[in-house]
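To start, the structure under review is shown below, and the notes come after it.
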Amino acid sequence: MQDIDRSGRAAAGEGDALEGALLTTLLARSTADLVVLDDRLRVIWAHGAHGEPARHRVGDRFGDGCLLDDPPAFEALVGRARAGPEPHLLRTTGRRTGSEGPSRSLLLTAQRLDGPDDGGPLGVLVAVDDVTEGERDSRRAAAVAAVRESVGRTMDLTATARELVDCLVPDYAGIAAADLVVDVLHGDEPPPAAEVEGRPLRRAAVTSAVTLPEHASVDLRYVPPRTPFGRALADMRPRLVDLDSEVVWLDADPEWNRAVRMAGAHSLLIAPLALRGTVLGMLTLYRLGGDEPFCAADLETVAILATRAALTMDNARRYQHDHTIAATVQRRLLPQTARPRAALDTAHAHRVGRDNSCWYDTIALPGARTALVVGAVAGGGIESAAAMGQLRLVVRALAELDLGPDELLARLDESAARLAKERAALPTGDPLHREPLVATCVYAVYDPSTRHFVTACAGGTAPLIVSPEGRVWTPEVAPGPALGSTDLAPLANSVVSVAEGSVLVLRVGGFVREQEPADAPLRGALARPGLGLNELCDAAVYALPDAALQEGAVLLLARTGTLPPGHVVTADLAYARTSPAEARDIVREKCAVWGIDEDVARGTELVASELVTNAVRYGAPPVRMRLVLSDVLTCEVYDDGAAAPQLRHPRTMDEGGRGLYLVARFAARWGVRPTDTGKVLWAEQPLHDGTRRRAASSSSESPET
Numbered sequence: 027m028q029d030i031d032r033s034g035r036a037a038a039g040e041g042d043a044l045e046g047a048l049l050t051t052l053l054a055r056s057t058a059d060l061v062v063l064d065d066r067l068r069v070i071w072a073h074g075a076h077g078e079p080a081r082h083r084v085g086d087r088f089g090d091g092c093l094l095d096d097p098p099a100f101e102a103l104v105g106r107a108r109a110g111p112e113p114h115l116l117r118t119t120g121r122r123t124g125s126e127g128p129s130r131s132l133l134l135t136a137q138r139l140d141g142p143d144d145g146g147p148l149g150v151l152v153a154v155d156d157v158t159e160g161e162r163d164s165r166r167a168a169a170v171a172a173v174r175e176s177v178g179r180t181m182d183l184t185a186t187a188r189e190l191v192d193c194l195v196p197d198y199a200g201i202a203a204a205d206l207v208v209d210v211l212h213g214d215e216p217p218p219a220a221e222v223e224g225r226p227l228r229r230a231a232v233t234s235a236v237t238l239p240e241h242a243s244v245d246l247r248y249v250p251p252r253t254p255f256g257r258a259l260a261d262m263r264p265r266l267v268d269l270d271s272e273v274v275w276l277d278a279d280p281e282w283n284r285a286v287r288m289a290g291a292h293s294l295l296i297a298p299l300a301l302r303g304t305v306l307g308m309l310t311l312y313r314l315g316g317d318e319p320f321c322a323a324d325l326e327t328v329a330i331l332a333t334r335a336a337l338t339m340d341n342a343r344r345y346q347h348d349h350t351i352a353a354t355v356q357r358r359l360l361p362q363t364a365r366p367r368a369a370l371d372t373a374h375a376h377r378v379g380r381d382n383s384c385w386y387d388t389i390a391l392p393g394a395r396t397a398l399v400v401g402a403v404a405g406g407g408i409e410s411a412a413a414m415g416q417l418r419l420v421v422r423a424l425a426e427l428d429l430g431p432d433e434l435l436a437r438l439d440e441s442a443a444r445l446a447k448e449r450a451a452l453p454t455g456d457p458l459h460r461e462p463l464v465a466t467c468v469y470a471v472y473d474p475s476t477r478h479f480v481t482a483c484a485g486g487t488a489p490l491i492v493s494p495e496g497r498v499w500t501p502e503v504a505p506g507p508a509l510g511s512t513d514l515a516p517l518a519n520s521v522v523s524v525a526e527g528s529v530l531v532l533r534v535g536g537f538v539r540e541q542e543p544a545d546a547p548l549r550g551a552l553a554r555p556g557l558g559l560n561e562l563c564d565a566a567v568y569a570l571p572d573a574a575l576q577e578g579a580v581l582l583l584a585r586t587g588t589l590p591p592g593h594v595v596t597a598d599l600a601y602a603r604t605s606p607a608e609a610r611d612i613v614r615e616k617c618a619v620w621g622i623d624e625d626v627a628r629g630t631e632l633v634a635s636e637l638v639t640n641a642v643r644y645g646a647p648p649v650r651m652r653l654v655l656s657d658v659l660t661c662e663v664y665d666d667g668a669a670a671p672q673l674r675h676p677r678t679m680d681e682g683g684r685g686l687y688l689v690a691r692f693a694a695r696w697g698v699r700p701t702d703t704g705k706v707l708w709a710e711q712p713l714h715d716g717t718r719r720r721a722a723s724s725s726s727e728s729p730e731t
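Per my numbering, residue 27 is the first one in the sequence shown, and the count goes up by one each step.
Take a look at the structure:
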């Protein structure tokens, strides 16, 4: 075994042989041309890459064997290397003398060669490495990585197409365009490749590194079959086209092709956006000016790009299809027409977005009161829309019981809990099994006779109130837990008095901005008392950013009013058997003053008599009757008895039990609601058109009792 000194060198003789063999092996495996230059940049030694013959001859200048596009930069590189022992790098372009074609990418490394025993530098070693293919591979890999990271961040087809072309220009192509089948943009199934011929394509997105004429891109186009575009769609294979040679088919789209040729396009890649044998559209890429043309290796790259993009676009199409169905279901489950309310004008703004489970409702309550409701179900899709419809129907059913807002939401929470249990009982393979049911709801009641606004919140946002002067303020509303949550905190009513002409604002979804600066545009849009409710809704929509409205949003506005003077009559009655007769006399007198139709008046007399009889017989003093004339005639009887009456169906020989049965037969609606001390029995009688007109004309002459 040979001896090795502490420096790592072998002994004389054997060391020279070892170093020679090592040098020969390294030179044979070198991927770069190696050249040693003297002070005048003349070659004093040269070796070719991979053991090939050297491109430089001894005695020639470096530029005689390699034509660089920037010779001064090379001379500066050698100068820096000669000044010190550290290596220096230069990325440039050039080509071998005598070779044809465009310049190639070169990486030059220069380092000074020092002689033994401080004998001075022997020259400068320059390594010339052709990195063209490596840079091309890196460019292709960067394009694939950009599509993987940037495309598919939204569930919007057009936005996905925009993401695709934006991430490819200018790093991979000079111009990129994405055309999608029109049926696909509508959310329909993409056609098979055999059926795509003759179907229109819409240009979803185009990006260019240079300015293109505005009229260059045709929005709707039909791809002729005898063009590279048509062939690519028919066989679902990408195409590489040299625009400097193949020009027969350019007249198929003259304006666009003229524009890209004027932009300097010389190379074209066409890739179908295809998935599972179907075609969603087409991706076209152009290289411009001095950029190197696409090559055969780019066909594999563009196929990967198109497949990745087609997958994300198909996901977006499926989402859009499901979203359209869910939005349709939601619209069908919401109020279809705006019904007039007594002493309250309403309007709403409903924006369908990613969250299509926002809902609203207005419900007529007895005594000319109106319930205003907004809510939302967490999540999206048709399941959330269906759950929203279920909760809305539950709210309407509970509103018929005329419960207070806090009690209504408490019972609604019980219904939500039962719906959540039904979800949990689904098979484990059902996606809905793993989705908890969490919802919010704000329920408020406005009474025009007292101008009281009573609100309870189950996880929602407190309403806003806009005064007649335009001041926007938030009443103190006790927050409550969301429906379906595990929080057992109680719900509470909040009561505020509002001035006539105020606007009550209930909102959910994108109209809710948590921070004060973000909520300021909405408040500013609402602080315009001179506008009508529909104009206020429009102003609120215009004030919010697109991102907020894309979430899905509902805004419900209500402008408060009061009943005309004399349309509310209150009478205290004795707790005696004579009270029903007294009630009939009051009803008869007021109906005559109001011009109530005779049939309606007689029915109301009977209803009032039976309600007062029930209060005197089964209730507790004091007893009070109230008549309210709005779009209906309402009779309310108050007493302090806790027991709620029940409707009975008496048999032929029964002597009693017919009171509420008669009320139910004569009244359009009737019911009972609890009060703090007792209960209220109420019944409504519809009015004829003539009655309404006479009542309106006599309202100013009718004093309130």
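For every residue, glycine included, the Cβ atom is placed at its ideal position computed from N, Cα and C.
Self-check item: Rounded distance between the beta-carbons of L438 and L417, thought under 8 Å
Solution: Between L438 and L417 the Cβ distance is about 7 Å, and since that is below 8 Å, they are a contact.
Quiz item: What residues are listed by DSSP as bridge partners for I491?
Solution: Paired residues: W499, L530.
Quiz item: W282: buried (16+ other C-beta within 10 angstroms of its C-beta) or exposed?
Solution: Under this definition W282 is a buried residue.
Practice problem: Can you check the region 44–129 for any alpha helix (DSSP H) of at least 4 residues that lies completely inside it and give the ranges in chain order? | Solution: Contiguous alpha helix (DSSP H) elements confined to the region 44–129 occur at 88–91, 97–109, taking only those with 4 or more residues.
Quiz item: What residues in its chain sit with their C-beta under 8 Å from that of A551, if we drop five residues either side in the sequence?
Solution: Hits under 8 Å: L562, A565, A566, Y568, A569.
Practice problem: Identify which residue in A518, E240, Y248 has its Cα closest to the Cα of P226. | Solution: Minimum Cα distance to P226 is reached at Y248.
Self-check item: Contact set for S656: own chain, Cβ-Cβ below 6 Å, skip 5 residues either direction
Solution: Closer than 6 Å at the Cβ level, and outside the excluded window around S656, lie A368, A394.
Practice problem: Would you kindly check if the distance between the Cβ of M288 and the Cβ of A187 is under 9 Å? | Solution: With a cutoff of 9 Å on beta-carbon distance, A187 and M288 are scored as not near each other.
Quiz item: What did DSSP end up calling R603 once you bin it into helix, strand or coil?
Solution: In this structure, DSSP gives R603 a state outside helix and strand, which the three-state scheme calls coil.
Practice problem: Would you decide whether S234 is buried or exposed? Buried here means 16 or more other CB atoms lie within 10 Å of its CB. | Solution: By the 10 Å Cβ count, S234 comes out buried.
Quiz prompt | Same chain, Cβ closer than 7 Å to L688, neighbours up to 5 away in sequence not counted | solution = The beta carbon of L688 sits closer than 7 Å to the beta carbons of L632, E636 from its chain, once the five residues preceding and following it are set aside; these are given in chain order.
Quiz item: Per DSSP, what kind of secondary structure is D657 in: helix, strand or coil?
Solution: If DSSP states are grouped into helix, strand and coil, D657 belongs with coil.
Practice problem: Please list, in chain order, all residues of the same chain as L294 whose beta carbon is under 6 Å from its beta carbon, the five residues on each side excluded. | Solution: So the list reads V267, L269, Y312, once near-sequence residues are dropped.
Quiz item: What does F479 pair with, by DSSP beta-bridge criteria?
Solution: DSSP, once it has assigned bridges, lists Y472, V522 as partnering F479.
Quiz prompt | C-beta atoms of D59 and R81 nearer than 9 Å | solution = Yes, they are a contact pair.
Self-check item: Cα-Cα separation, D155 to G141
Solution: Rounded to the nearest angstrom, the two C-alpha atoms are 25 Å apart.
Quiz item: With 16 other CB atoms within 10 Å as the buried threshold, where does D95 fall?
Solution: Of the residues assessed, D95 falls on the exposed side of the cut-off, its CB having fewer than 16 other CB atoms within 10 angstroms.
Quiz item: P147 bridges to which residues according to DSSP?
Solution: Beta bridge pairing from DSSP links P147 with D140.
Quiz item: Residues bridged to P712 by DSSP?
Solution: V658, per the DSSP bridge assignment.
Quiz item: According to DSSP, which residues form a beta bridge with W385?
Solution: When beta bridges are read from the DSSP output, W385 appears opposite G401.
Practice problem: Report the residue from D214, A322, D432, A646 whose alpha carbon sits nearest the alpha carbon of R344. | Solution: Taking only the C-alpha atoms, the option nearest R344 is D214.
Practice problem: Give me the Cα-Cα distance between A300 and R166, rounded to the nearest whole angstrom. | Solution: Taking the straight line joining both Cα atoms gives about 20 Å.
Quiz item: How far does the beta strand (DSSP E) with L26 in it reach, from first residue to last?
Solution: One cannot answer for residue 26 here, as it falls past the ends of the chain, which runs 27 to 731.
Practice problem: Assign V378 to one of three DSSP states: helix, strand, or coil. | Solution: Coil at V378, not helix or strand.
Quiz prompt | First and last residue of the uninterrupted alpha helix (DSSP H) at D439 | solution = Taken as a continuous stretch (DSSP letters only), the alpha helix (DSSP H) holding D439 covers 431–450.
Quiz item: Are the beta-carbon atoms of A199 and L190 separated by less than 9 Å?
Solution: No Cβ-Cβ contact shorter than 9 Å links A199 with L190.
Practice problem: Using a threshold of 9 Å, state whether the C-beta atoms of A465 and G510 are closer than that. | Solution: Yes, the Cβ-Cβ distance between A465 and G510 is below 9 Å.
Quiz item: Counting Cβ pairs, one atom from each stretch, are 3 or more of them under 8 Å apart for the region 609–617 and the region 496–505?
Solution: The region 496–505 and the region 609–617 do not touch, with fewer than three beta-carbon pairs separated by less than 8 Å.
Self-check item: Per-residue DSSP class, three states only, for L752
Solution: The displayed coordinates of the chain run from 27 to 731. Any statement about residue 752 would go beyond what the structure contains.
Self-check item: One or two residues paired with Y312 in a DSSP bridge
Solution: Partner(s): I201, L294.
Exercise. Return the residue from the list V522, D623, L517, A518 that minimises the CA-CA distance to T500.
Key: Looking only at V522, D623, L517, A518, the smallest Cα-Cα distance to T500 is reached by V522.
Quiz prompt | Contacting residues, own chain, Cβ-Cβ under 8 Å from D42 (five flanking each side not counted) | solution = Counting only Cβ-Cβ distances below 8 Å, and skipping sequence neighbours, we find nothing.
Quiz item: Should V548 and P489 be called a contact, given that it needs their Cβ atoms to be closer than 9 Å?
Solution: Note on identity: in this sequence residue 548 is Leu, with Val being the wrong assignment. Their beta carbons are not under 9 Å apart, which means L548 does not touch P489 by this criterion.
Exercise. Can you tell me which of the three DSSP states R652 falls into?
Key: Shown here, R652 sits in a strand according to DSSP, grouped into three states.
Quiz prompt | Segment limits, beta strand (DSSP E) that includes G697 | solution = Per DSSP, G697 belongs to the beta strand (DSSP E) from 695–700.
Quiz item: Start and end of the beta strand (DSSP E) containing A579?
Solution: Membership of A579 in the beta strand (DSSP E) is indicated by the continuous run 579–586.
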